[in-house]
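As given, the protein sequences belong to chains A and B, one line each in that order.
Just so you know, we're using the working numbering here: the first sequence kicks off at 1 and counts up by one.
Just so you know, we're using the working numbering here: the second sequence kicks off at 1 and counts up by one.
Backbone N, C-alpha and C fix where the C-beta goes; we use that ideal spot for every residue, glycine too.
To start, the structure under review is shown below, and the notes come after it.
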Amino acid sequence: MRALRIGLLLGFRQIQRANFWTTSLIIFVMMLTFLNLIAVSGILVGLIAGAEVAVREYATGDIIISAKDDEDRILDTQTFIRELESFPEITAYSVRYDGGGTLEANYKERRDLTGERDTAAVTVTGIDPIMEDEMTHLSELVVDGEYLSPDDEGKMLIGVYFLAEYAENFGDVFDTVENVKPGSIVRLSVGNISKEFEVKGIVESKVDEVNFTTFIPEREFRRLFNRLDRNADQIVVRVVDPDRNAEIKEALINSGLDDFAKIRTYEENVPKFLTDIKNTFDLLGTFIGSIGIIVASITIFIIIFINALSRKRHIGILKGIGIDRHVIEVAYVIQAAFYAVTGSLLGALVTYGFLIGYFDRNPISFPFSDGIMVADPYSTFIKFVVLFIITLIAGFIPAWIIVKQNTLNSILGRK
Amino acid sequence: MSIIVAKNIHRKFGKDKLITHVLKGIDISIEEGEFVAIMGKSGAGKSTLMYQLSVLDEPTEGTVEIDGTEVVDLNEREKTEFRLNTLGYVFQDYALVPDLSAEENVMIPLLMKGMPWEEAKLQAKKSIDEVGMVGKYPNLPSELSGGEQQRVAIARAIAGKPKILFADEPTANLDTVSGTQVVDLITSLNKNHGQTVVMVTHEREYAMGCNRIIHMEDGLVTNIEYLGRFGRGE
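This is the structure:
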């Protein structure tokens, strides 16, 4: 305790009397190290988190209701919907009907009837345009043409991955049709039934599920797919407080709705590979950040070593007049701790006061997501503790090397 | 009563064929309350002798007993504690911690002894007053002249009331006036408080306040000169 008290006095006085710019530079280096540790993994994880946010916002919402494992569709969907509407925590929902079909284009212009037809196998989703738009803002994703109206008949929205002009950037991996634009007439075939549709709009999103879908009004879907029982394939739900979606899911289950369908939160619906990628990116970020920690610890080592070496004689004199070596070591560890804490605090201030907000407002545009920055306070704290401990060690070792030298040799400046 | 008894002190430096034999078998004893000066030319071994007597170095051969403790047998930690509790030091270039104020420089060994903060502060101020530096408590060493810094160093050395004060050429870096003031201060500590003092000096004039001058040459004591109880013709 005595060593700590005197070490604190010596350490703080050294910091106080040190050159302002040198101290500022060291703190700046520590701040960058902290940012490197937090921001690199934060942005890497944010890539996936951004994709998750987009999926939640534009595709799945907070709660996903689908057919039970032993059923094809949500049972008694209309009753289910009525029950759903009685929950005040639910702000929006969309009922979806899914099916597969074949889309054919350019058949009117085709001269050679023996040649290959311009077709693509497509996923078709029947929606109520207004409810879907309230739920997932689908109208915002229309990049060409217009969004569906509630009274539209024979109109469809088509995802860009089915259009050769858009999909060619990805190589020949998608089944596409050519020269389809808003206003083009296409034929959608389901089994033996075919119907002509006018492409009303083209939708493009960073959520692939949207790009891979053709949307038609639910009435037409039911007719085309002969789904007269009105049982849906999926209902996506948005709640007032997304963080409380698990509670609302429980409430839905408690009211017996799980007899009709499988009810999952968004988090339960996230594919495992996505969680694995997120964890891998976090690990990768930590690894890159660790290199930063090593650089910072070497920096601190050199700074403290030079500092202690230049004061070797004073260290010798302190030992000579009876000051315990631990006091002197504590003084240097205090300096290292000061640099680590101040740098980290500034880094945390920049992270939470600026960077996170900045990336939320201006996400980095990646092809598959709008990258945000994720910095979970708990993991930030753990990283700070690691940085702090390593800095203390980096401060202690050079002090220990200098302090352990022979007292008289230190006083006389001998090697 | 002898407070320091050193017997057959040898100090060698180096290894194998490059050994320098600096002290070649010195026997010396210093009485409690005595003021002893060690004089000699450069390389005579006077500072090396003082380091053996002041527990800053360990003789290659021989024994040193201080205040009844055989110091050669102590381990490094015990030596540090012994120096803190029994000895005071004044080095030739003041050796104050540059980041600490005059008051804090004096407080440090007192705090190390376990004295409470406020008490150490009071004692430090008292010691600084005693060396004639009233009101200079908050000054940093860089804000003091050489003579003033040496006075603060003396205040630091005596604040803990050591049994023996060692001064290694305390006037070496001072002008004549400051040097005389510093030596007068050390002399008065011995004269008024019975402080045992061992001082290494080049200048005979500064040694005139001593009871005894030990003359050294080539690692041996060549002559012991007695100057009376309080020196300077008394």
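Item to complete: Using three-state DSSP, classify I130 of chain A as helix, strand or coil.
Response: As a working note, residue 130 of chain A is residue 130 in the first sequence. Helix, per DSSP.
Worksheet item: Pairing CB atoms from the region 22-41 of chain A with CB atoms from the region 288-304 of chain A, are three or more of them under 8 angstroms?
Response: yes
Practice prompt. Could you say if the region 122-142 of chain A and the region 87-106 of chain A meet the contact criterion of at least three C-beta pairs nearer than 8 angstroms?
Written response: When Cβ pairs closer than 8 angstroms are counted between the two stretches, the region 122-142 of chain A is seen to touch the region 87-106 of chain A, the count reaching three or more.
Worksheet entry | Under the three-state DSSP convention, the category F91 of chain B falls into | In the second sequence, the residue the question calls residue 91 of chain B occupies position 91. Note: F91 of chain B maps to coil in three-state DSSP.
Worksheet entry | Residue from A:G322, A:Y352 and A:L188 with nearest C-alpha to G114 of chain B | Numbered from its first residue, the second sequence carries residue 114 of chain B at position 114. The shortest Cα separation from G114 of chain B among A:G322, A:Y352 and A:L188 belongs to A:G322.
Item to complete: Give a yes or no on whether 9 angstroms exceeds the smallest Cβ distance from V327 of chain A to chain B.
Response: Residue 327 of chain A sits at position 327 when you count from the first residue of the first sequence. At least one chain B Cβ lies under 9 angstroms of V327 of chain A.
Worksheet item: Y226 of chain B: buried (16+ other C-beta within 10 angstroms of its C-beta) or exposed?
Response: Sequence index remark: in the second sequence, residue 226 of chain B carries index 226 (1-based). With fewer than 16 Cβ atoms within 10 Å of its Cβ, Y226 of chain B is classed as exposed.
Worksheet entry | Under 9 angstroms from the C-beta of D324 of chain A: neighbouring residues of chain B | Within the first sequence, residue 324 of chain A is the residue found at index 324, counting from 1. The contacting residues are R77, T80, E81, L84 and M112.
Worksheet item: For R151 of chain B and chain A, any beta-carbon pair shorter than 9 angstroms?
Response: Position 151 of the second sequence holds residue 151 of chain B. No - not a single Cβ of chain A is within 9 angstroms of the one on R151 of chain B.
Worksheet item: Residue ranges of each alpha helix (DSSP H) run of no fewer than 4 residues wholly in the region 16-98 of chain B, ordered along the chain?
Response: 46-53 and 76-86
Worksheet item: Expressed to the nearest angstrom, what Euclidean distance is found between the alpha-carbon atoms of G231 of chain B and D93 of chain B?
Response: Here residue 231 of chain B is taken as the residue at index 231 of the second sequence, counted from 1. Here residue 93 of chain B is taken as the residue at index 93 of the second sequence, counted from 1. Low confidence applies here, because G231 of chain B scores a pLDDT of 42, under 50, leaving its location unreliable; read the following figure in that light. Between G231 of chain B and D93 of chain B, the C-alpha separation is close to 26 angstroms.
Worksheet item: According to the neighbour-count rule (16 or more other Cβ atoms, all chains shown, within 10 Å of its Cβ), is Y378 of chain A buried or exposed?
Response: Residue mapping note: residue 378 of chain A aligns to position 378 of the first sequence, counting from 1. It counts as exposed.
Discussion item. I'd like to know if G50 of chain A contacts chain B, where contact means its C-beta is closer than 9 angstroms to some C-beta of that chain.
Written reply: Counted from its first residue, the first sequence places residue 50 of chain A at position 50. No, its Cβ sits nowhere closer than 9 angstroms to a Cβ of chain B.
Worksheet item: Listing by chain order, which chain A residues have their CB less than 8 angstroms from the CB of E104 of chain B?
Response: Indexing the second sequence from 1 puts residue 104 of chain B at position 104. What E104 of chain B touches in chain A: L9 and R13.
Practice prompt. Flag this pair as touching only if the region 330-340 of chain A and the region 375-392 of chain A have three or more C-beta atom pairs under 8 angstroms; answer yes or no.
Written response: Judged by Cβ distances under 8 angstroms, the region 330-340 of chain A makes contact with the region 375-392 of chain A, as three or more pairs qualify.
Discussion item. Beta carbons nearer than 8 angstroms to chain C: which residues of the region 307-322 of chain A have them?
Written reply: In the structure shown, chain C cannot be found, because the protein chains are A and B.
Item to complete: Compare the beta carbon distance of L274 of chain A and V177 of chain A with 9 angstroms and say whether it is the shorter of the two.
Response: As a position in the first sequence, residue 274 of chain A is number 274, starting the count at 1. As a position in the first sequence, residue 177 of chain A is number 177, starting the count at 1. Contact: no.
Discussion item. With DSSP as the reference, identify every bridge partner of T91 of chain A, one or two as the case may be.
Written reply: Locating residue 91 of chain A in the first sequence gives position 91, counting from the first residue. According to DSSP, T91 of chain A bridges with nothing at all.
Worksheet item: What residues from the region 39-71 of chain B come within 8 angstroms of chain A, judged by C-beta to C-beta, listed N to C?
Response: Y51, L56 and D57
Practice prompt. Would you mind telling me which residues of chain A sit closer than 7 angstroms to L100 of chain B, beta carbon to beta carbon, in chain order?
Written response: As a first step, residue 100 of chain B must be located in the second sequence, where it is residue number 100. Those are R13, listed as they occur along chain A.
Discussion item. Looking at the secondary structure, which residues open and close the alpha helix (DSSP H) in which F301 of chain A lies?
Written reply: Counted from its first residue, the first sequence places residue 301 of chain A at position 301. It spans K272 to S310 - the alpha helix (DSSP H) in which F301 of chain A sits, taken as one unbroken run.
Worksheet entry | Distance, A331 of chain A Cα to K133 of chain B Cα | Here the question's residue 133 of chain B lines up with position 133 in the second sequence. Here the question's residue 331 of chain A lines up with position 331 in the first sequence. With the sequence shown as reference, residue 133 of chain B is identified as Met, and Lys is not the correct amino acid for it. Distance between the alpha carbons of M133 of chain B and A331 of chain A: 28 angstroms.
Practice prompt. Could you pull the start and end residues of the beta strand (DSSP E) that E217 of chain B belongs to?
Written response: The count along the second sequence starts at 1 and reaches residue 217 of chain B at position 217. Membership of E217 of chain B in the beta strand (DSSP E) is indicated by the continuous run R212 to E217.
Practice prompt. Just list the beta strand (DSSP E) runs in the region 143-211 of chain B, keeping only unbroken ones of 3 residues or longer that don't cross its boundaries, in chain order.
Written response: 164-168 and 196-200
Fill in: chain B residues whose Cβ lies nearer than 8 angstroms to that of L408 of chain A
Against the first sequence, residue 408 of chain A aligns to sequence position 408. Y51, L56 and D57, listed in chain order.
Practice prompt. Give the DSSP-derived three-state secondary structure of F230 of chain B in the structure shown.
Written response: The sequence position of residue 230 of chain B within the second sequence is 230, counting from 1. Confidence is the limiting factor: at F230 of chain B the pLDDT is only 41, short of 50, which leaves the residue's position unreliable and the question unanswerable from this model.
Worksheet item: At what residues does the alpha helix (DSSP H) containing V29 of chain A begin and finish?
Response: Along the first sequence, read from residue 1 onward, the residue named residue 29 of chain A stands at position 29. For V29 of chain A, the enclosing alpha helix (DSSP H) stretches over residues F20 to V55.
Worksheet item: If you drop the 5 nearest sequence neighbours on each side, which residues of the same chain put their C-beta closer than 6 angstroms to that of A157 of chain B?
Response: On the second sequence, position 157 is the one that residue 157 of chain B refers to. Excluding sequence neighbours, A157 of chain B sits near G88, Y89, V90 and L165.
Worksheet item: Would you say G201 of chain A and L257 of chain A are within 9 angstroms of each other, going by their C-beta atoms?
Response: Along the first sequence, one-based indexing puts residue 201 of chain A at 201. Along the first sequence, one-based indexing puts residue 257 of chain A at 257. Against a cut-off of 9 angstroms, the Cβ pair of L257 of chain A and G201 of chain A comes out as no contact.
Fill in: Min CB distance I108 of chain B to chain A below 9 angstroms
Against the second sequence, residue 108 of chain B aligns to sequence position 108. Chain A, which has a Cβ nearer than 9 angstroms to the Cβ of I108 of chain B, makes this yes.
Fill in: Close Cβ partners of K262 of chain A (< 8 angstroms) along its chain, the five nearest in sequence each way excluded
The sequence position of residue 262 of chain A within the first sequence is 262, counting from 1. Around K262 of chain A: I65, S66, A67, K68 and D69.
Discussion item. What residue range does the alpha helix (DSSP H) around T407 of chain A cover?
Written reply: To locate residue 407 of chain A, count along the first sequence from 1; it is residue 407. Element bounds for T407 of chain A: T407 to L412.
Worksheet entry | Assigned secondary structure, Y137 of chain B (DSSP; H/G/I helix, E/B strand, else coil) | To locate residue 137 of chain B, count along the second sequence from 1; it is residue 137. Three-state DSSP puts Y137 of chain B in coil, outside helix and strand.
Worksheet item: Checking contacts by CB at 9 angstroms: is Y137 of chain B closer than that to chain A?
Response: To locate residue 137 of chain B, count along the second sequence from 1; it is residue 137. Not an interface residue.
Item to complete: Grab the span of the beta strand (DSSP E) containing A6 of chain B for me, first residue to last.
Response: Position 6 of the second sequence, counted from the first residue, corresponds to residue 6 of chain B. From DSSP, the beta strand (DSSP E) with A6 of chain B extends over S2 to F13.
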